[in-house]
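Each residue of the sequence shown is one higher than the last, beginning at 1 in the UniProt record's numbering.
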Amino acid sequence: MTIQVNGESIHVTADVKSVADLIEKLNLSHRRFFIIEKNRAVISPENYQVETVSADDCFEIVHFVGGG
Numbered sequence: 001m002t003i004q005v006n007g008e009s010i011h012v013t014a015d016v017k018s019v020a021d022l023i024e025k026l027n028l029s030h031r032r033f034f035i036i037e038k039n040r041a042v043i044s045p046e047n048y049q050v051e052t053v054s055a056d057d058c059f060e061i062v063h064f065v066g067g068g
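This is how it looks when you write it as structure tokens:
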């Protein structure tokens, strides 16, 4: 299926069923601080396992970078 991530169309396989699966697919699980928005609604981390991923969903993923 095709979804949008940060404005880019990407194809994900059928095994990406939840936001948690998408995090794994995008190799984000090692990052501590990030926010995921699905179709303009922020997803709470406790809902990553149950929030589904469907064709044509739009995700914005923002991660924080420290510095000084």
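For every residue, glycine included, the Cβ atom is placed at its ideal position computed from N, Cα and C.
ask   = Alpha carbon to alpha carbon, what distance is there between E8 and E51?
value = 21 Å
Test item: CB-CB of residue 74 and V19 under 8 Å = In the structure displayed, the chain extends from 1 to 68; residue 74 sits before or after that span and is not available.
key: As assigned by DSSP and simplified to three states, the class of E24   = Helix, per DSSP.
message = Among D15, F33, F34, whose alpha-carbon lies nearest the alpha-carbon of K25?
response = Here the closest residue by C-alpha is D15.
ask   = Which of the three DSSP states, helix, strand or coil, is assigned to V12?
value = coil
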